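Accompanying notes for the structure given below.
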Amino acid sequence: MLISGNAEPALDRLNPNHIILATDFSARCDRAQDRAVQLAIEWNATLTAVHALSDIGLTTPPSLREAYRTAAMRNAGLLRQELASTEGLRSSVVVEEGPVEAVILAAVAKERAELIVAGIGRTGPLAQVLIGSNATALARTSPVPLLVVKKKVLHTDARIAVATDLSDSSKPALRLALQWFSLRYLTLFHAFDPPYRGWVDDRAPFDRQFEASAIAQCRSFVQDVAGENLDANFDIIVRCGDPVTWLRVLSNEADFNLVVAGTHGRTGLMQILLGSVASRVVNEVPSDVLVVPSRPH
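Each residue of the sequence shown is one higher than the last, beginning at 190 in the numbering used here.
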């Protein structure tokens with residue numbers, strides 16, 4: 190069921206002041222780079238592109254290690270020139286040796302950044318290799334949100350779904366969406382799984398009963414986070430079944446460009462977002478995904 194909202198009231202927009210772009214200098218990072226530049230300009234934020242020399246090991250011949258460093262520095266110089274030529278953008282490019290996660294989080298701490306932007310090359314098995322362990326590790330340990338980019342550049346006021354299991358630990362995702370994006374384009378999404386549904390012969394009225402309860406719970410959740418004045422301005426979508434499947438369907442049907450989700454929760458998607466469901470969200474949901482830390486690290 191979809192409940193439509195009203196006109197948007199005035200809201201304070203508290204956007205990031207510093208953005209970190211994780212890049213390997215390859216073409217598969219182009220969309221993430223474009224999105225990071227777009228957001229930095231729209232939000233008047235500083236952008237730092239970070240590359241980790243993570244493949245240099247002690248067993249690698251010295252000549253290959255030096256060639257790797259030389260290529261990275263050359264690519265960094267080219268990117269530095271490219272970003273410097275972008276009007277209205279404050280930027281820098283950093284190359285450090287070490288594991289991807291450690292290098293990126295060190296840059297986040299040093300720059301006091303509030304957002305990490307990373308890319309994914311394509312869908313399918315290769316995508317899991319490209320984004321898999323690095324994105325999952327970052328989402329587990331990062332004190333700031335991680336944006337996984339798959340779509341081409343879009344306006345930041347495109348349609349956004351905030352996925353929630355209605356737990357307290359999923360509230361930060363909704364709060365951040367309210368701070369960074371226009372309420373006019375926000376939709377709260379919740380998937381429910383009625384108990385004993387498999388034992389019911391006529392499931393339609395059974396599902397409707399739980400659907401009505403889920404909508405009421407969503408309204409209460411919104412009021413707790415946003416207040417009663419904003420409650421009526423939210424679109425709410427509830428569905429019975431697997432949350433990832435519905436997010437994939439709704440991203441196409443409702444044309445969602447971004448799914449915002451927390452890293453912890455009590456059930457379903459939020460509880461295991463950083464496990465197998467993380468790969469499903471990244472690979473099956475066609476929209477970008479913004480993973481929001483549910484509690485401070």
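C-beta atoms are modelled at their ideal positions from N, C-alpha and C, and glycine is treated no differently. Source: prediction; values computed, not measured.
Which residue from the options puts its Cα closest to that of residue i?
i: residue 426; options: 330, 380 and 397; result: 380
i: residue 284; options: 300, 278, 302 and 264; result: 264
i: residue 444; options: 350, 224, 331 and 239; result: 350
i: residue 406; options: 356, 336, 223 and 362; result: 356
i: residue 400; options: 378, 415 and 298; result: 378
i: residue 213; options: 432, 261 and 227; result: 261
i: residue 267; options: 334, 215, 375 and 372; result: 215
Which of helix, strand or coil does DSSP assign to residue i?
i: residue 367; result: helix
i: residue 479; result: strand
i: residue 279; result: strand
i: residue 451; result: strand
i: residue 397; result: helix
i: residue 230; result: helix
i: residue 303; result: coil
i: residue 464; result: Reliability of the predicted coordinates at residue 464 is poor, the pLDDT of 47 falling under 50, and the value obtained from them is presented with this limitation in mind. Coil at residue 464, not helix or strand.
i: residue 329; result: helix
i: residue 459; result: Bear in mind that a pLDDT of 41 at residue 459, under 50, signals an unreliable position, so the model cannot answer this.
i: residue 349; result: strand
i: residue 380; result: strand
i: residue 335; result: strand
i: residue 237; result: strand
Residue j and residue i - do their beta-carbons sit closer together than 9 Å?
i: residue 234; j: residue 207; result: yes
i: residue 308; j: residue 282; result: no
i: residue 291; j: residue 239; result: no
i: residue 230; j: residue 300; result: no
i: residue 375; j: residue 423; result: yes
Please find out if some non-hydrogen atom of the ligand GDP comes closer than 8 Å to the beta-carbon of residue i.
i: residue 430; result: As far as ligands go, the structure on display features none, and thus does not contain the ligand GDP.
For the pair the stretch 474-485 and the stretch 361-378, tell me if three or more CB-CB distances fall below 8 Å. Counting C-beta pairs with one atom in each stretch, the stretch 474-485 and the stretch 361-378 have three or more that are closer than 8 Å, which means they touch.
Report yes or no: do three or more beta-carbon pairs, one from the stretch 291-309 and one from the stretch 250-259, lie closer than 8 Å? As far as the Cβ criterion goes, the stretch 291-309 does not touch the stretch 250-259, which means the pair count is below three.
Which runs of the alpha helix (DSSP H), 4 residues or longer, sit entirely within the stretch 404-429? If only uninterrupted alpha helix (DSSP H) runs of at least 4 residues are considered, those enclosed by the stretch 404-429 are 417-420.
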